[in-house]
Structure formats: structure tokens, C-alpha cells
Amino acid sequence: MRSSAMRDMMEITARPEVISLAGGLPDTSTFPTEAFAAEMERIEKTAVAEVLQYGPTEGSMLVREQIVEVMAAENTRVDAIDVTVTTGGQQAIDLITKVLIDPGDVIICDAPTYPGAIPTFCSYEADVRQIEMDADGMRIGLLEETLEQLEAEGKRPKFIYSIPTFQNPGGVTLSLERRHRLVEIAQEKEILVIEDNPYGLLRFDGEPLPTLYSLDGGNYVVYLGTFSKILSAGLRIGWLVTPTPIREKVVLGKQAADLCTSTLTQDFAGHFFRDGAWREYVDELTGIYRARRDVMINAMAEYFPHGATWNKPAGGLFIWATMPDVLSSEDLLAKALSKNVAFVPGPNAYVDGRGRSSMRLNFSGVKEDEIIEGIRRIGQVAREMLGLYETMTSTDEMKLPPRPPTDGGGSEMKLPPRPEEEGPHP
Amino acid sequence: MKIALLQGGRSLERGVSIRSGQRVTEALLDLGHEVDVMDLGPDLVGRLEANRPDAAFIALHGTEGEDGTIQSLLELLDIPYTGPGVAACKRCMDKSLAKYILREHGLPTPDWVTYTEAAIRDFGAASTFGAAVERVGIPLVAKPCSQGSSLGVKVVTEAGQIPNALITALSYDNRALLEGWVNGRELAVSVLGGEALPVVEAIPTESNTYDFEARYEIGGASFECPADLTDSQTAEVERVALDAYRALGCSGFSRVDIILADDGPQVLEINAIPGLTETSLLPQSAEAAGLDFNAMVQRILDLATA
Numbered sequence: 290m291r292s293s294a295m296r297d298m299m300e301i302t303a304r305p306e307v308i309s310l311a312g313g314l315p316d317t318s319t320f321p322t323e324a325f326a327a328e329m330e331r332i333e334k335t336a337v338a339e340v341l342q343y344g345p346t347e348g349s350m351l352v353r354e355q356i357v358e359v360m361a362a363e364n365t366r367v368d369a370i371d372v373t374v375t376t377g378g379q380q381a382i383d384l385i386t387k388v389l390i391d392p393g394d395v396i397i398c399d400a401p402t403y404p405g406a407i408p409t410f411c412s413y414e415a416d417v418r419q420i421e422m423d424a425d426g427m428r429i430g431l432l433e434e435t436l437e438q439l440e441a442e443g444k445r446p447k448f449i450y451s452i453p454t455f456q457n458p459g460g461v462t463l464s465l466e467r468r469h470r471l472v473e474i475a476q477e478k479e480i481l482v483i484e485d486n487p488y489g490l491l492r493f494d495g496e497p498l499p500t501l502y503s504l505d506g507g508n509y510v511v512y513l514g515t516f517s518k519i520l521s522a523g524l525r526i527g528w529l530v531t532p533t534p535i536r537e538k539v540v541l542g543k544q545a546a547d548l549c550t551s552t553l554t555q556d557f558a559g560h561f562f563r564d565g566a567w568r569e570y571v572d573e574l575t576g577i578y579r580a581r582r583d584v585m586i587n588a589m590a591e592y593f594p595h596g597a598t599w600n601k602p603a604g605g606l607f608i609w610a611t612m613p614d615v616l617s618s619e620d621l622l623a624k625a626l627s628k629n630v631a632f633v634p635g636p637n638a639y640v641d642g643r644g645r646s647s648m649r650l651n652f653s654g655v656k657e658d659e660i661i662e663g664i665r666r667i668g669q670v671a672r673e674m675l676g677l678y679e680t681m682t683s684t685d686e687m688k689l690p691p692r693p694p695t696d697g698g699g700s701e702m703k704l705p706p707r708p709e710e711e712g713p714h715p
Numbered sequence: 216m217k218i219a220l221l222q223g224g225r226s227l228e229r230g231v232s233i234r235s236g237q238r239v240t241e242a243l244l245d246l247g248h249e250v251d252v253m254d255l256g257p258d259l260v261g262r263l264e265a266n267r268p269d270a271a272f273i274a275l276h277g278t279e280g281e282d283g284t285i286q287s288l289l290e291l292l293d294i295p296y297t298g299p300g301v302a303a304c305k306r307c308m309d310k311s312l313a314k315y316i317l318r319e320h321g322l323p324t325p326d327w328v329t330y331t332e333a334a335i336r337d338f339g340a341a342s343t344f345g346a347a348v349e350r351v352g353i354p355l356v357a358k359p360c361s362q363g364s365s366l367g368v369k370v371v372t373e374a375g376q377i378p379n380a381l382i383t384a385l386s387y388d389n390r391a392l393l394e395g396w397v398n399g400r401e402l403a404v405s406v407l408g409g410e411a412l413p414v415v416e417a418i419p420t421e422s423n424t425y426d427f428e429a430r431y432e433i434g435g436a437s438f439e440c441p442a443d444l445t446d447s448q449t450a451e452v453e454r455v456a457l458d459a460y461r462a463l464g465c466s467g468f469s470r471v472d473i474i475l476a477d478d479g480p481q482v483l484e485i486n487a488i489p490g491l492t493e494t495s496l497l498p499q500s501a502e503a504a505g506l507d508f509n510a511m512v513q514r515i516l517d518l519a520t521a
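Protein sequences appear in the order of chains A and B. According to our numbering, the first sequence is numbered sequentially starting from 290. According to our numbering, the second sequence is numbered sequentially starting from 216.
Structure follows, in C-alpha cells:
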């Protein structure tokens with residue numbers, strides 16, 4: 290859990306004068322207003338009483354059928370009956386954790402992992418073990434070592450949570466080889482894998498990879514999806530695809546949490562995906578985000594200090610950058626906020642304070658000129674602090690001992706990684 | 216009365232300010248006042264001019280709210296406000312200036328040196344780190360000159376850590392101080408209307424050699440009020456706290472943070488506008504003195520409008 294002083298600091302990122310590269314916002318400004326108006330008119334004429342009413346806890350059949358279609362676009366076949374609609378992807382994470390985790394149970398996840406999952410896992414008192422990633426996603430060799438170590442401790446993880454495609458916050462994608470291996474491990478050891486896939490359709494470069502769910506056939510892989518990044522975060526529609534016994538528990542959990550997801554927004558989304566030009570819209574978003582990614586990468590190359598590293602994600606919303614290890618990203622955020630720019634400091638993506646010099650940068654929710662200006666300001670404050678540090682440590686009069694190594698040593702994800710540190714495992 | 220409740224703002228303590236503001240708003244409404252809650256923004260002065268409140272309740276912490284900026288605006292607008300005046304805010308907000316003033320008044324405060332970013336960058340100040348260590352001793356604490364919370368504070372146990380600690384401290388302000396570490400009990404004396412409220416002691420939840428974590432990290436300590444002190448210790452601590460409050464020119468309320476060392480109390484800093492959430496130290500002290508939250512808020516308001 291982050292200190293409350295740090296949480297307070299994040300409060301300022303919501304101020305209007307702040308260029309926030311901290312969020313995970315989709316761009317909703319290009320959604321065609323006439324399509325929106327048409328949906329609203331249709332509702333007004335045909336469905337007012339219905340959308341003002343409760344709906345089934347599992348979600349409306351229309352939306353569940355459209356979710357089947359959206360997943361088919363990633364070559365993932367599911368039955369509508371196995372889909373549970375949730376109030377955003379966040380509720381899907383919450384429900385699956387609520388259903389499966391008792392205090393002290395082990396969850397394995399990526400290092401770094403989705404910052405929004407950490408408070409959820411912690412609130413159910415899970416024992417979270419994070420597996421380092423490299424440019425090919427979770428290092429399966431390290432996963433196997435961790436599983437062995439857990440076995441020696443007499444523990445079995447309840448599930449492995451991973452975002453294999455355009456990972457948040459790392460931006461990396463699990464390679465095909467590792468996807469196969471991860472699914473094999475899940476099947477051999479009978480461990481559930483929670484595949485969180487909010488960004489899979491937002492691919493900028495390269496060929497799509499099969500989802501873990503499609504490789505496994507839905508036996509050991511639970512799938513989490515959301516419309517937040519491909520249509521609207523405001524509609525709050527996500528989903529879970531689970532084997533039946535888990536689905537029954539999830540539905541009970543959802544009943545307790547909120548009875549059902551908004552009937553109005555389900556109706557809107559269901560019709561948009563059934564009748565609307567959703568593929569064109571996703572293509573348009575992908576184009577916008579690709580351009581913004583490139584603008585951000587170019588700005589980083591121009592403004593970030595020597596020694597900073599970052600990756601070029603092939604899709605999604607985020608770039609993970611690491612500053613020279615003299616700099617703490619939390620301190621840098623304080624300085625950056627004084628210049629009205631914000632990002633997510635790396636430690637928010639770890640349970641144990643790692644990620645000290647790293648940061649998550651979002652490019653989807655900010656216009657190109659603001660991306661450039663935001664990156665310029667972050668680069669400027671980072672250079673200033675580095676310059677100051679160099680001035681202090683190059684002084685002859687006082688021979689200062691070398692800086693002690695930072696926490697986490699050399700095991701943190703710093704991208705791009707040097708080839709090939711992993712050894713025999715794929 | 217018609218009260219403008221000022222909260223939020225752009226400081227790094229925005230979050231705690233909003234929590235203070237919400238709690239105070241509840242109390243003001245309970246007390247039958249009319250409350251207009253305002254965040255700091257371009258419309259602030261316009262709203263104050265249009266609404267003409269009888270008083271402003273300042274629930275702001277950190278830069279702009281606690282450093283005199285808002286207070287001088289309110290004086291120009293002729294609106295009475297809670298807490299210390301412009302000059303006292305400026306003195307308290309600048310930890311180094313506050314320590315100079317304490318010393319001038321013969322009040323005890325740990326040895327310190329101040330560094331500006333410019334002195335380090337442009338004048339080779341780094342070669343004085345050795346002298347600084349001789350002056351203040353090791354361990355020492357590096358902190359930004361003008362932050363209210365624990366943000367940017369680092370404990371240094373060997374000279375080689377100074378550059379790192381200063382990089383951190385200077386991320387929160389362009390001036391930082393290195394202050395000698397004093398072993399002792401951590402006390403907070405809240406002063407309301409020129410009177411000391413019962414002393415609070417922060418007791419580290421887990422002890423380590425210097426209790427570094429506990430002193431500067433939230434959740435590292437539990438609080439006891441009134442502190443378990445002898446009568447003469449209490450009298451001495453209260454005297455020093457009130458002297459410090461007066462030396463800095465505070466009025467209304469403030470909180471004085473003190474270390475009670477073997478050889479007596481040492482003043483660390485004075486918070487011009489301490490936290491006003493349910494669990495903050497000033498409300499805890501007021502409660503121990505028999506003033507519940509509402510009564511405390513009314514008293515603060517009375518002091519501003521008297």
C-alpha cells in the first residue's frame with residue numbers, strides 16, 4: 290500500500306492545469322455524436338421502461354452475445370452463457386479475487402503489474418508474488434522457480450494474474466512461445482490463469498497473438514475483458530469468462546456487490562456492437578493511439594536524459610520508462626507536478642517498493658502537443674536533478690563513497706532489456 | 216455566519232486539505248453556519264468578492280494556503296480569516312527562517328544548515344558538505360524547507376548519502392536543510408488562542424535504532440494524549456511551545472513539534488495550519504482538553520472574528 294502522503298500527491302493530478310500522463314484514459318472525443326444521438330433516440334422510442342429497470346445479474350443476453358463477437362475478433366471462441374457482464378474491468382478483478390482468495394492465499398502476477406489490481410489484491414489480504422518481465426513478458430523461467438519455491442513452502446497459488454498483451458504498465462507482450470508454456474504450466478499444475486485483456490484489439494504493429502484463453506480452451510484460463518478502451522470507460526462495462534462452477538460464485542458475488550450492471554449502458558453498448566461500425570471505430574482509435582505513441586517516443590528521445598530507457602509498445606496505452614537510478618520517480622513526480630505534469634511512479638505497480646526509478650506514461654488520453662510538452666517538462670526536471678547530483682558527486686574536496694545500490698538490485702524490468710538474460714527458458 | 220471554507224489548492228497536501236475541509240464543513244453546518252466551499256482556482260477572488268463571507272475558514276495546507284499567499288489576498292479583500300497571519304505563515308512555512316527566529320529568541324532547536332539548489336549548482340556548495348556534517352553531526356535529516364508533510368524527508372546515516380538525500384529534498388522545494396538528528400520523545404503541542412492544549416506523544420509502533428521510519432512515515436507511530444510526562448516536563452515543554460508560537464508571531468492556532476531529549480525540549484518546526492481531520496493531532500488535543508470537534512471549530516472561528 291502506498292503511503293498516504295503519496296496518495297495525497299496523486300490528488301493534484303486531477304487539477305485542470307495539469308497535463309496528466311498518469312491516467313489510463315481512452316480518447317472519447319472522436320466518438321461520432323450522430324451515432325450516439327441515434328442510439329439515444331432508439332432508446333427513447335423503444336426501450337425507456339426497459340433501460341430504467343433492473344436487469345439480470347449475469348448481464349443482458351444482447352451484450353453477452355456481442356462480447357462473444359468482440360472476442361471472436363481476437364480468434365477467441367466463447368459461449369455467451371459463460372460470460373458474466375461486470376461494472377467495468379475493475380469489478381471483474383474484484384469479483385474473481387473475492388471469489389477465489391482467502392486471506393494469506395498466494396496470487397502470482399507480473400512485475401510490474403496493473404497498479405489498480407494491487408489495492409484489490411491487498412484488500413483481500415492476498416500474498417502477492419510478482420514475477421519479473423522482459424521484452425517478451427513474464428519470465429516463465431522465474432515463474433517456474435517461484436512455483437517450486439512455493440511448493441517447498443507448502444503453498445499453492447490460487448491464480449496467476451497477467452496482462453499478456455500490451456501489458457499495463459510495462460507495455461510488453463507475452464511471446465507466443467511463452468503463451469504456450471504458461472498454458473501448459475497452468476494445465477500441468479492445475480493452476481488458474483486470469484488473463485486480463487483490455488487492450489488486445491488496440492494493436493499498432495505486428496501480427497496478433499492467440500489469447501491464453503484460446504490456447505487453453507477455457508479450462509484453466511479465466512478471461513477478463515472490457516469495453517472501456519475500445520468504446521467508453523464511462524459506460525462501465527467489462528466481463529468475465531469463467532468455467533461454470535466459478536461463474537456461479539461470481540454471479541453470487543456480483544449480486545451482493547451491485548445486483549446488475551447498468552441496464553441503460555448495456556443497452557447502448559449492446560446495440561452499438563450489434564448494429565454500429567465498431568470495427569471502424571476501433572481502427573480509428575488504434576490509428577490515433579499509434580500516432581500518439583510515436584509522438585511520445587520521439588519526444589522521449591529528444592528530451593529524456595542520457596541513461597533513461599523505455600520500450601516501444603506494439604499496442605495498448607502505456608510506455609514504461611526508467612530513469613537513471615539516481616532518480617526516484619516519486620521525488621521526480623513532486624518536481625514534475627510543480628511544472629504541472631503528472632505520471633504514475635513505478636512503485637505503484639509493485640507490492641514491495643520496487644520500480645523506484647521507473648514510471649508509467651499514458652499516451653492514449655492526451656493530445657499530441659500536450660504529450661510533447663509533458664515529456665519535455667519531465668525531461669527537463671530529470672535533467673536538472675541529474676545535473677545537480679553530478680555537481681554534488683564530482684566535487685574533489687569531499688570524496689564521497691559510491692552510492693549504495695537501490696532496492697531490488699538488478700532484477701527490475703528495465704526496457705529494452707539486453708539480449709538474452711534469461712537462460713534456458715523461453 | 217456566512218463562511219467561505221477554503222480547501223484543496225495546488226500543494227502536495229491537497230488530499231489532506233480536502234479531508235480537513237470536509238470535516239470542518241460538517242462542523243460548521245452543525246453549528247448553524249452557512250458554508251460556501253471553495254477550491255483554489257482562477258475564480259477564487261471573484262467568488263469571494265461576490266459572496267462577501269463574514270469570515271474565511273482556511274483548511275489549506277502547504278504552499279499557497281499555509282505560506283501567506285491566500286492570507287494576504289483575504290486581507291486585501293477585508294475578509295477575516297482563521298489561523299495565523301501573513302507574516303507568521305511565511306515564517307513557519309520556511310523551516311530554516313523559523314529556526315533562525317527561534318535561535319534569536321533563545322529557544323532550543325537542533326543545529327542545521329540550509330542549501331539552495333542555486334548554491335549547489337552555481338557556487339560549488341557541495342564542497343561544504345564535510346563542514347555541514349561537522350556542524351550538525353551524523354545522523355542528520357535532510358528535508359525540504361517548505362513542505363508540511365513527511366514528503367521529501369530522508370535520514371542520512373553517513374556523509375556519502377547526502378547527495379541522494381538532497382536530490383530527494385530538493386525535488387520538493389528549491390531549498391533544503393540538513394538538520395542534526397536528536398534522540399528523544401516526539402511530542403506535538405497544539406496551541407489554540409495562545410493556550411497550550413494537552414501534549415500528544417507519537418510512540419513508534421516498532422522500535423528500531425533511531426526510529427527513523429516511525430518519525431517520518433505515517434502509520435509508523437501511535438499517538439497518546441495527554442502524553443505520559445511529569446508535571447515539570449509538561450510545564451517545560453508547554454513553555455517552550457508557547458514561546459515558539461509567540462516568537463513566530465502565530466495567532467488563532469498552530470502546532471509546535473518538539474523532541475524531548477535528555478537535556479530538554481528542542482523545537483523541530485511549527486505548523487501554521489496543522490491538519491484538521493478527525494484523527495489529526497490538534498483535534499485530538501482539543502478533545503483531551505474537553506473541546507469536541509465542533510467546539511474547537513467554533514473557537515477557531517471566534518478567534519478569527521473577535
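Where a beta carbon is used, it is the ideal one built from N, C-alpha and C, also for glycine. These numbers were taken from a predicted model, which means no experiment stands behind them.
Continuous beta strand (DSSP E) stretch holding residue 385/A: start and end: Within the first sequence, numbered from 1, the residue matching residue 385/A stands at position 96. Not the beta strand (DSSP E): residue 385/A falls in the alpha helix (DSSP H), residues 377–389.
query: residue 680/A touches chain B at which residues, Cβ-Cβ below 7 Å?
result: As a working note, residue 680/A is residue 391 in the first sequence. The answer, in chain order, is 335, 336 and 341.
- request: Taking C-beta pairs closer than 8 Å, name the residues in chain B that residue 623/A reaches, listed in chain order.
  value: The residue given as residue 623/A occupies position 334 in the first sequence. Going along chain B in sequence order, the residues near residue 623/A (Cβ under 8 Å) are 227, 366, 367, 386 and 387.
- prompt: With a CB to CB cut of under 7 Å and the five nearest residues on each side skipped, what residues in its chain are close to residue 318/B?
  reply: As a first step, residue 318/B is located in the second sequence; it is residue number 103 there, counting from the start. Excluding positions up to five away in sequence, the list reads 324.
Integer Cβ distance of residue 220/B from residue 251/B, believed to fall under 8 Å: Position 5 of the second sequence holds residue 220/B. Position 36 of the second sequence holds residue 251/B. About 7 Å separates the two Cβ atoms, so the contact holds.
Residue from 642/A, 620/A and 671/A with nearest C-alpha to residue 596/A: To locate residue 596/A, count along the first sequence from 1; it is residue 307. The residue with the shortest Cα to Cα distance from residue 596/A is 671/A.
- prompt: Hey, which unbroken runs of the beta strand (DSSP E) at 3 residues or more fall wholly within the region 329–377 of chain B?
  reply: Within the region 329–377 of chain B, the runs of beta strand (DSSP E) that reach at least 3 residues and sit entirely inside it are, in chain order, 355–359 and 369–371.
query: Beta-carbon of residue 548/A versus every beta-carbon of chain B: anything under 8 Å?
result: The residue given as residue 548/A occupies position 259 in the first sequence. So, not an interface residue.
message: If I follow the unbroken alpha helix (DSSP H) through residue 502/A, where does it start and stop?
response: Against the first sequence, residue 502/A aligns to sequence position 213. Segment 501–505, the alpha helix (DSSP H) holding residue 502/A.
task: Check whether the Cβ of residue 284/B lies closer than 8 Å to any Cβ atom in chain A.
output: The residue labelled residue 284/B in the question sits at position 69 within the second sequence. Chain A contact via Cβ: absent.
query: How is residue 226/B classed by DSSP in three states: helix, strand or coil?
result: Stepping through the second sequence from its first residue, residue 226/B is reached at position 11. The answer is coil: DSSP assigns residue 226/B none of H, G, I, E or B.
query: Quick one: is residue 247/B buried, meaning 16 or more other Cβ sit within 10 Å of its Cβ, or exposed?
result: Residue mapping note: residue 247/B aligns to position 32 of the second sequence, counting from 1. Counting the other CB atoms within 10 Å of its CB gives residue 247/B a total below 16, which places it among the exposed residues.
message: Just list the residues that DSSP pairs residue 446/A with in beta bridges.
response: Position 157 of the first sequence, counted from the first residue, corresponds to residue 446/A. Bridge partners of residue 446/A: 395/A.
- prompt: Looking at the unbroken beta strand (DSSP E) that takes in residue 419/B, where does it start and where does it end?
  reply: Position 204 of the second sequence, counted from the start, is the residue given in the question as residue 419/B. Counting along the chain, the unbroken beta strand (DSSP E) around residue 419/B starts and ends at 415–419.
- prompt: Any Cβ of chain B within less than 8 Å of the Cβ of residue 692/A?
  reply: Stepping through the first sequence from its first residue, residue 692/A is reached at position 403. Since pLDDT at residue 692/A reaches only 44, below the 50 mark, its modelled position is unreliable, and the value read off the structure follows with that caveat. With 8 Å as the cut-off, residue 692/A counts as an interface residue toward chain B.
query: Can you tell which of 421/A, 353/A and 557/A has the C-alpha that lies nearest to the C-alpha of residue 327/A?
result: Mapped onto the first sequence, residue 327/A falls at position 38. Of the listed residues, the one whose Cα sits closest to residue 327/A is 557/A.
field: Extent of the continuous alpha helix (DSSP H) run through residue 386/B
entry: If you number the second sequence from 1, residue 386/B lands on position 171. Counting along the chain, residue 386/B sits inside no alpha helix (DSSP H), nor does DSSP assign it H or E at all.
task: State the CB to CB distance for the pair residue 546/A and residue 342/A, rounded to an integer number of angstroms; the pair is presumed to be in contact (CB under 8 Å).
output: Looking up residue 546/A in the first sequence gives position 257. Looking up residue 342/A in the first sequence gives position 53. Contact doesn't hold; Cβ gap of about 19 Å is too wide.
CA-to-CA distance, residue 320/B to residue 452/B, given in whole angstroms: If you number the second sequence from 1, residue 452/B lands on position 237. If you number the second sequence from 1, residue 320/B lands on position 105. Approximately 16 Å, taken between the alpha carbons.
field: Cβ neighbours of residue 555/A in the same chain (closer than 7 Å, five flanking residues each side left out)
entry: As a working note, residue 555/A is residue 266 in the first sequence. Hits under 7 Å: 344, 348, 349, 352, 374 and 526.
field: Where residue 412/A meets chain B, residues with beta-carbon distance less than 7 Å
entry: Working through the first sequence from its first residue, we reach residue 412/A at position 123. Simply none; closest approach about 16 Å.
Touching by the beta-carbon criterion (3+ pairs, under 8 Å), the region 495–503 of chain A and the region 357–368 of chain A: Result yes; three or more Cβ-Cβ pairs closer than 8 Å.
- prompt: Thinking C-beta only, is residue 622/A closer than 8 Å to residue 382/B?
  reply: Counting from 1 along the second sequence, the entry for residue 382/B is found at position 167. Counting from 1 along the first sequence, the entry for residue 622/A is found at position 333. No Cβ-Cβ contact shorter than 8 Å links residue 382/B with residue 622/A.
field: Secondary structure of residue 559/A, DSSP reduced to three states
entry: In the first sequence, the residue the question calls residue 559/A occupies position 270. Reduced to three states, the DSSP call for residue 559/A is helix.
field: Below-8 Å beta-carbon distance, residue 332/B vs any chain A residue
entry: In the second sequence, the residue the question calls residue 332/B occupies position 117. Residue-level contact by beta carbon holds for residue 332/B and chain A, with a gap shorter than 8 Å.
field: Those residues which DSSP pairs with residue 521/A across a bridge
entry: To locate residue 521/A, count along the first sequence from 1; it is residue 232. In the DSSP assignment, residue 521/A is bridged to no other residue.
query: For chain A, is any of its Cβ atoms less than 8 Å away from the one on residue 489/B?
result: Counting from one through the second sequence, the residue named residue 489/B turns up at place 274. Output row for residue 489/B: interface = no.
- prompt: Distance, Cα to Cα, residue 459/B vs residue 404/B?
  reply: What you label residue 459/B is simply residue 244 of the second sequence in a count that begins at 1. What you label residue 404/B is simply residue 189 of the second sequence in a count that begins at 1. Computed Cα separation, rounded: 11 Å.
message: Using CA atoms only, rank isn't needed, just tell me which of 455/A, 464/A and 480/A is closest to residue 446/A.
response: Residue numbering aside, residue 446/A sits at position 157 when the first sequence is read from its first letter. Of the listed residues, the one whose Cα sits closest to residue 446/A is 480/A.
Candidates 508/A, 313/A and 438/A, of which the one nearest residue 535/A by Cα: To locate residue 535/A, count along the first sequence from 1; it is residue 246. It is 508/A.
query: Smallest Cα separation from residue 517/A: which of 605/A, 583/A, 600/A and 494/A?
result: By one-based count along the first sequence, residue 517/A stands at place 228. Measuring from the Cα of residue 517/A, the nearest candidate turns out to be 605/A.
message: Any beta carbon from chain A within less than 8 Å of residue 230/B's own beta carbon?
response: To locate residue 230/B, count along the second sequence from 1; it is residue 15. Yes, residue 230/B lies at the interface with chain A (some Cβ there is under 8 Å from its Cβ).
- prompt: Taking the C-alpha atoms as reference points, what is the distance between residue 713/A and residue 630/A?
  reply: In the first sequence, counting from the first residue as 1, residue 713/A sits at position 424. In the first sequence, counting from the first residue as 1, residue 630/A sits at position 341. Because residue 713/A sits at a pLDDT of 39, beneath the cut-off of 50, its placement in the model cannot be relied upon, and the following sentence gives the value as read from the coordinates. Cα to Cα, residue 713/A sits roughly 42 Å from residue 630/A.
query: residue 469/B bridges to which residues according to DSSP?
result: As a first step, residue 469/B is located in the second sequence; it is residue number 254 there, counting from the start. Paired residues: 406/B.
- request: Assuming residue 224/B contacts residue 263/B (C-beta within less than 8 Å), just tell me the rounded distance between them.
  value: Within the second sequence, residue 224/B is the residue found at index 9, counting from 1. Within the second sequence, residue 263/B is the residue found at index 48, counting from 1. Taking the Cβ atoms as the reference, residue 224/B lies roughly 14 Å from residue 263/B, outside the contact range of under 8 Å.
- prompt: Skipping 5 residues on each side, what residues in its chain have a beta carbon closer than 8 Å to that of residue 377/A?
  reply: On the first sequence, position 88 is the one that residue 377/A refers to. Only 515, 517, 522, 525, 526 and 527 meet the Cβ criterion.
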